[in-house]
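Here the structure is laid out as structure tokens; the discussion comes afterwards.
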Amino acid sequence: MNPLPPGLQVDGLQVQAVLFRGKDAIHYRVVDMALGKTFELKEFAPSQLDPRRAGDGSVEIDEENRGAFVEARKRFLEAARQTGRLDHPALPQVLRIIEAGGTVYQLRPDAPGKPLARLLEEGETLDADDCRDALMTCADALVQLHEQGRVHGNLSPESVWQRAEGGWLLRGLGSGTGVATSEAGPEIAPECLDDPPSVSPASDAYALAATLLQAYTGEKPATAEERLAARQADAEDPLRNALASVPGALGDALSRALRLDPKRRPTDLADWRDSLDRIDWRLRMAQSTGDGTSTDERRPWLPVVLGVAITLLMVAGGVFLLSDRELPVDEWLEDVDMGAERDRGPRVAAPTDEERARWEAALEADTLLGYRNFLADYPTSIYAEQAQLQIDILDERAWNELSAEDTRPAYVDYLEQFPTGLHQAEALQRIEAMDAEAALRERERLERERRDELAWEQARDERTVASMDRYIESWPAGLHIEEAQRIRRDLLDRRNDAAAFETARDLDTIDAYQAYLNAFPRGQSVTEALEAIERLTLEPGKPFRDCPVCPEMRVMPVGAFRQGAADDDPLALEQERPRRTVSMTRPFAAGIFEVTMGQWDACVEEGGCSHRPPDNGWGRGDRPVMMVSWNDTQEYLAWLSAKTGEVYRLPTESEWEYIARADTRGPWLGDSPEAVCRFGNVAGRETGFEWQHEACEDPVPAGTAPVGAFRANRAGIFDVIGNVAEWTADCMNLSYLDAPTDGSAWTRGICSSHMARGGSWVTGSRDIRLSSRFNLRNGDRNDFTGFRVVREISD
Numbered sequence: 001m002n003p004l005p006p007g008l009q010v011d012g013l014q015v016q017a018v019l020f021r022g023k024d025a026i027h028y029r030v031v032d033m034a035l036g037k038t039f040e041l042k043e044f045a046p047s048q049l050d051p052r053r054a055g056d057g058s059v060e061i062d063e064e065n066r067g068a069f070v071e072a073r074k075r076f077l078e079a080a081r082q083t084g085r086l087d088h089p090a091l092p093q094v095l096r097i098i099e100a101g102g103t104v105y106q107l108r109p110d111a112p113g114k115p116l117a118r119l120l121e122e123g124e125t126l127d128a129d130d131c132r133d134a135l136m137t138c139a140d141a142l143v144q145l146h147e148q149g150r151v152h153g154n155l156s157p158e159s160v161w162q163r164a165e166g167g168w169l170l171r172g173l174g175s176g177t178g179v180a181t182s183e184a185g186p187e188i189a190p191e192c193l194d195d196p197p198s199v200s201p202a203s204d205a206y207a208l209a210a211t212l213l214q215a216y217t218g219e220k221p222a223t224a225e226e227r228l229a230a231r232q233a234d235a236e237d238p239l240r241n242a243l244a245s246v247p248g249a250l251g252d253a254l255s256r257a258l259r260l261d262p263k264r265r266p267t268d269l270a271d272w273r274d275s276l277d278r279i280d281w282r283l284r285m286a287q288s289t290g291d292g293t294s295t296d297e298r299r300p301w302l303p304v305v306l307g308v309a310i311t312l313l314m315v316a317g318g319v320f321l322l323s324d325r326e327l328p329v330d331e332w333l334e335d336v337d338m339g340a341e342r343d344r345g346p347r348v349a350a351p352t353d354e355e356r357a358r359w360e361a362a363l364e365a366d367t368l369l370g371y372r373n374f375l376a377d378y379p380t381s382i383y384a385e386q387a388q389l390q391i392d393i394l395d396e397r398a399w400n401e402l403s404a405e406d407t408r409p410a411y412v413d414y415l416e417q418f419p420t421g422l423h424q425a426e427a428l429q430r431i432e433a434m435d436a437e438a439a440l441r442e443r444e445r446l447e448r449e450r451r452d453e454l455a456w457e458q459a460r461d462e463r464t465v466a467s468m469d470r471y472i473e474s475w476p477a478g479l480h481i482e483e484a485q486r487i488r489r490d491l492l493d494r495r496n497d498a499a500a501f502e503t504a505r506d507l508d509t510i511d512a513y514q515a516y517l518n519a520f521p522r523g524q525s526v527t528e529a530l531e532a533i534e535r536l537t538l539e540p541g542k543p544f545r546d547c548p549v550c551p552e553m554r555v556m557p558v559g560a561f562r563q564g565a566a567d568d569d570p571l572a573l574e575q576e577r578p579r580r581t582v583s584m585t586r587p588f589a590a591g592i593f594e595v596t597m598g599q600w601d602a603c604v605e606e607g608g609c610s611h612r613p614p615d616n617g618w619g620r621g622d623r624p625v626m627m628v629s630w631n632d633t634q635e636y637l638a639w640l641s642a643k644t645g646e647v648y649r650l651p652t653e654s655e656w657e658y659i660a661r662a663d664t665r666g667p668w669l670g671d672s673p674e675a676v677c678r679f680g681n682v683a684g685r686e687t688g689f690e691w692q693h694e695a696c697e698d699p700v701p702a703g704t705a706p707v708g709a710f711r712a713n714r715a716g717i718f719d720v721i722g723n724v725a726e727w728t729a730d731c732m733n734l735s736y737l738d739a740p741t742d743g744s745a746w747t748r749g750i751c752s753s754h755m756a757r758g759g760s761w762v763t764g765s766r767d768i769r770l771s772s773r774f775n776l777r778n779g780d781r782n783d784f785t786g787f788r789v790v791r792e793i794s795d
């Protein structure tokens, strides 16, 4: 779907530019026209359903895709509501949800920055400190997301953003139910490739680790498919070298999260985040040895080893000088093996340049993975003993850190890092003891659940408020506590619902039924209440006249009706749709007749109206006034309001159709094309017009008839169809999309023109239907348009 063009407004927000496009949304930079402040606007726009966009920015979808579009929009809206409940600086904030133009928008704070993907395209990478900061921040945000029962499912360099002012932001957050991708990129965990995919917090951990590995190295990591293929072929993991290049605890953390088996990955990202502090060996080695040693003493064993070596060399030299035996230099060097005795094994060869470089790199990285890789590649190196010593140091510190937690995951973590470590036996013993305790707790849990289920079955079978109360009191944390509370509320609601509707029916007033609807908007008797309100509002009210020359008025009660044309009306135009329910929440009075020539002349005589319209020779008096523009009517209304001290105005379109329909639901007044002839002076067979209404032949061949010459509708209102069309207070709009539903005037649109209703003596079938509407410019005067007034009723 094409994006919204710059300059278009959505609910007071003016589009400035497209920021970027995701798989199911378009992101814009917008300006709030009232505040003058910049925001980000995310529009639901699924490209796979190919919706079309109308000229006003609204979305149009064909019938074939409508169901899928509506369902996807519902998921998008629910995800927006869930996102709105998040409160983390690295997660998007939803300030407002806007439903307009057939789609849904999320208003968010403007957050300048750029994704890691763009940083990588520009040839930049993150250093270890930035990667560590990004991991800590993003993992913390994912913890909150996972606590909602959601996963991100879309983590990649495109969705991890570096804020312009510093910090990190996770974008691309969708419905949170899984991963949907057409390409298995390096961020996709292996379980997400299954059909159907298996998605969990461990999948997010894999994706975040792969994203940060790429941000550090600047190269795309191997995909899960490539790694699984290497494992199948018994080959080296393609990620090994990349992970070995990441220093310190950051490398260990990424290695844990990038395990192929999701069960061996971190599932609690809070623990994973915290472990980065707990096992940050490089930082600990650089700062302290645990006994106050300064940071310059990164490797306290090195002076000791060198001292021992020098001592042994001196001893060996003394032996050589005091001995009568001539010992070849190479044999002497063979004996001096860092204090080792001759029977410990074959002589160790001097290190090659590559071996020395690898050892120096291992020391610099100072990671468990680095030392183990060195030992694997150089098992007989002169540095092998030092490498093992460093591994033992890491082993001891890991045990001290993890055993202090005294949890099964901590001991399992230790064994995963050091499967043959110094404390292997103790770790296994503690795991066994914890498993035994866990088994006991599981048996106790199963017994509690059994008794819980029995209690619930009894409460559910009785299904009374008392039985639900008994279960809730006995099992406040039971398996079915939420359902019990819901059923209890439903039972109470039904009891109160029935009593409230019975009271409303006894009173049998609009206010009583409306009070019921307000209290129970989804009650059992909503349909009956609405039907009762409709029945009561269709009864005509008391007629009155505020002055001798004032129009005669009738009070219209509050109520609700269906405005617009039905889908099966063959004569209807698009401007008459969509049909919708409009609620008239305040009573008002409507003119029983159209304003007459005589009433207008009284306004002219008293100086209230400046224009005296001609009558075409048809007569004045009780003929409907014509040849008056919308602007002219405002003079009459101001004069009448000043004369009576009441507020007179034109009816809104909704008020006009409410007046005209009374209780008619079909397109025709009188419920049929033939019956309409009894109610209005229209262009029938007597006119000979091409568009004539064949069912009618009235006695006035061409021109207006006196008001009230035809039958009144069921509300006691005359000439709502035919005679003259009637001006309304609504600006021109070519459909009812986003129109008010409370009966008020639609003052947005093209207000240099206003809508007219009711047809006239010169219109035929299409224009004398109750839903028909057309527009005229405000200054137009013609002999087929007049008006009717309404008067506001104070409380």
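Read in order, the letters of the sequence shown correspond to residues 1 to 795 in this note's numbering.
Positions of the beta carbon are idealized from the N, C-alpha and C atoms, including for glycine.
Predicted, not measured: the structure shown is a model, and the values here were computed from it.
- Query: Considering only C-alpha positions, which residue in the set E354, S381, F44, Q390 is nearest to G370?
  - Reply: Counting from 1 along the sequence shown, the entry for residue 370 is found at position 370. Measuring from the Cα of G370, the nearest candidate turns out to be Q390.
- K42 classed as buried or exposed, judged by whether at least 16 other C-beta atoms fall within 10 angstroms: Here residue 42 refers to the residue found at position 42 when the sequence shown is read from its first residue. Buried.
- Task: For my contact list, T585 and G743 are in at a C-beta cut-off of 8 angstroms; report their separation, rounded to the angstrom.
- Result: Reading the sequence shown from its first residue, position 585 is the one you call residue 585. Reading the sequence shown from its first residue, position 743 is the one you call residue 743. Right, their Cβ atoms sit about 7 angstroms apart.
- Query: Nearest to Q563 by alpha carbon, out of E552, P557, E576, T407?
  - Reply: Against the sequence shown, residue 563 aligns to sequence position 563. Ranking E552, P557, E576, T407 by Cα distance to Q563 puts E576 first.
- Exposure of F544, with buried meaning 16 or more beta-carbon neighbours within 10 Å: Within the sequence shown, the letter at position 544 stands for residue 544. Exposed, by the Cβ-count rule.
- Label F799 either buried or exposed according to how many other C-beta atoms from any shown protein chain fall within 10 Å of its C-beta, with 16 as the threshold for buried. Nothing about residue 799 can be read from this structure; the chain reaches only from 1 to 795.
- Query: Shortest alpha-carbon distance to A739 belongs to which of S654, R665, S771?
  - Reply: Position 739 of the sequence shown, counted from the start, is the residue given in the question as residue 739. The shortest C-alpha separation from A739 is found at S654.
- Item | Length-filtered (4 minimum) alpha helix (DSSP H) runs lying within the region 590-626 | 597-605
- Would you call A590 buried or exposed, if buried means 16 or more other Cβ atoms sit within 10 Å of its Cβ? Taking the first residue of the sequence shown as position 1, residue 590 is located at position 590. So A590 counts as buried.
- Bridge partner(s) assigned by DSSP for E43: Along the sequence shown, one-based indexing puts residue 43 at 43. For E43, which the question treats as bridged, DSSP gives the partners I26, Y105.
- Message: Rounding to the nearest angstrom, what Cα-Cα distance links A244 and T367 in this structure?
- Response: Along the sequence shown, read from residue 1 onward, the residue named residue 244 stands at position 244. Along the sequence shown, read from residue 1 onward, the residue named residue 367 stands at position 367. In a straight line, the C-alpha of A244 is about 8 angstroms away from that of T367.
- Assign I487 to buried or exposed, taking buried as 16 or more other Cβ atoms, counted over all protein chains shown, within 10 Å of its Cβ. Within the sequence shown, numbered from 1, the residue matching residue 487 stands at position 487. So I487 counts as buried.
- Leaving out five residues before and five after Q16 in sequence, what residues of the same chain have Cβ atoms less than 8 angstroms from its Cβ? For the purposes of this step, residue 16 is taken as the residue at position 16 of the sequence shown. So the qualifying residues of the chain are P6, Y28, R29, V30, V31, T38.
- Residue of S275, C131, I61 minimising C-alpha distance to A45: By one-based count along the sequence shown, residue 45 stands at place 45. Answer by Cα proximity: I61.
- Task: Could you have a look at G434 and say whether DSSP puts it in helix, strand or coil?
- Result: For the purposes of this step, residue 434 is taken as the residue at position 434 of the sequence shown. Just to set this straight, residue 434 is Met in the shown sequence, not Gly. In the structure shown, M434 sits in a helix (DSSP, three-state: H, G or I).
- Message: Using a Cβ distance threshold of 8 angstroms, determine whether the region 646-661 contacts the region 766-773, with at least three qualifying pairs required.
- Response: yes
- Message: Assuming F20 is part of the alpha helix (DSSP H), what are its boundary residues?
- Response: Start at 1 with the first residue of the sequence shown, and residue 20 comes out as number 20. Careful: F20 lies outside any alpha helix (DSSP H), inside the beta strand (DSSP E) at 13-21.
- Nearest residue (CA-CA) to V625, options Q599, V526, T763, S765: Residue 625 sits at position 625 when you count from the first residue of the sequence shown. Ranking Q599, V526, T763, S765 by Cα distance to V625 puts Q599 first.
- Query: Of the residues Y648, D568, S794, which one's Cα is nearest the Cα of P551?
  - Reply: Within the sequence shown, numbered from 1, the residue matching residue 551 stands at position 551. Nearest of Y648, D568, S794 to P551, Cα basis: Y648.
- Is there contact between the region 204-218 and the region 256-268, where contact requires at least three CB pairs shorter than 8 angstroms? yes
- Item | Selected residue, minimal CA-CA separation from F718, among A705, L250, A729 | The residue you call residue 718 lines up with position 718 of the sequence shown. The shortest Cα separation from F718 among A705, L250, A729 belongs to A705.
- Query: In the DSSP assignment, what residue or residues form a beta bridge with G786?
  - Reply: Taking the first residue of the sequence shown as position 1, residue 786 is located at position 786. Answer by DSSP bridge pairing, in chain order: E726.
- With a CB to CB cut of under 7 angstroms and the five nearest residues on each side skipped, what residues in its chain are close to T687? The count along the sequence shown starts at 1 and reaches residue 687 at position 687. Excluding positions up to five away in sequence, the list reads P701, A702.
- Query: Around the Cβ of V246, are there at least 16 other Cβ atoms within 10 angstroms (buried) or fewer (exposed)?
  - Reply: The residue given as residue 246 occupies position 246 in the sequence shown. So V246 ends up on the buried side.
- Task: Output the boundary residues of the beta strand (DSSP E) element that contains G113.
- Result: Counting from 1 along the sequence shown, the entry for residue 113 is found at position 113. 113-115 is the span of the beta strand (DSSP E), which, as asked, contains G113.
- Item | The beta strand (DSSP E) enclosing H754, as first and last residue numbers | Counted from its first residue, the sequence shown places residue 754 at position 754. Per DSSP, H754 belongs to the beta strand (DSSP E) from 750-757.
- Grab the span of the alpha helix (DSSP H) containing E99 for me, first residue to last. The residue labelled residue 99 in the question sits at position 99 within the sequence shown. Unbroken run through E99 is the beta strand (DSSP E), 96-100; no alpha helix (DSSP H).
- Task: Count the other C-beta atoms from every protein chain shown that fall within 10 angstroms of the C-beta of G619, then say buried if there are 16 or more, exposed otherwise.
- Result: One-based indexing of the sequence shown puts residue 619 at position 619. Exposed: under 16 other Cβ atoms inside 10 Å.
- Assuming M556 contacts A715 (C-beta within less than 8 angstroms), just tell me the rounded distance between them. As a working note, residue 556 is residue 556 in the sequence shown. As a working note, residue 715 is residue 715 in the sequence shown. Sure, about 7 angstroms apart at Cβ, within 8 angstroms.
- Item | Under 8 angstroms between C-beta atoms of L276 and M136 | Position 276 of the sequence shown, counting from 1, holds the residue named residue 276. Position 136 of the sequence shown, counting from 1, holds the residue named residue 136. Result yes, Cβ atoms of L276 and M136 sit closer than 8 angstroms.
- Message: So the candidates are K23, R766, S753; which of them puts its Cα closest to the Cα of A814?
- Response: Nothing about residue 814 can be read from this structure; the chain reaches only from 1 to 795.
- Near E341, which residues of its chain fall below 6 angstroms by C-beta distance, leaving aside the five closest residues on each side in sequence? The residue given as residue 341 occupies position 341 in the sequence shown. For E341, the pLDDT reaches just 38, beneath the cut-off of 50, and the residue's location in the model is therefore unreliable, leaving the point undetermined.
- Item | Coil, strand or helix - Y648 by DSSP | What you label residue 648 is simply residue 648 of the sequence shown in a count that begins at 1. Here Y648 sits in strand by DSSP.
- Item | Classification of L35 by the beta-carbon crowding that lies within 10 angstroms, buried from 16 upward | Looking up residue 35 in the sequence shown gives position 35. L35 is exposed by the Cβ-count criterion.
- Item | Below-8 angstroms beta-carbon distance, E219 vs any chain B residue | No chain B is present in this structure, which holds just one protein chain.
- Which residues share a DSSP beta bridge with S583? Numbered from 1 along the sequence shown, position 583 holds the residue referred to as residue 583. Bridge partners of S583: A560.
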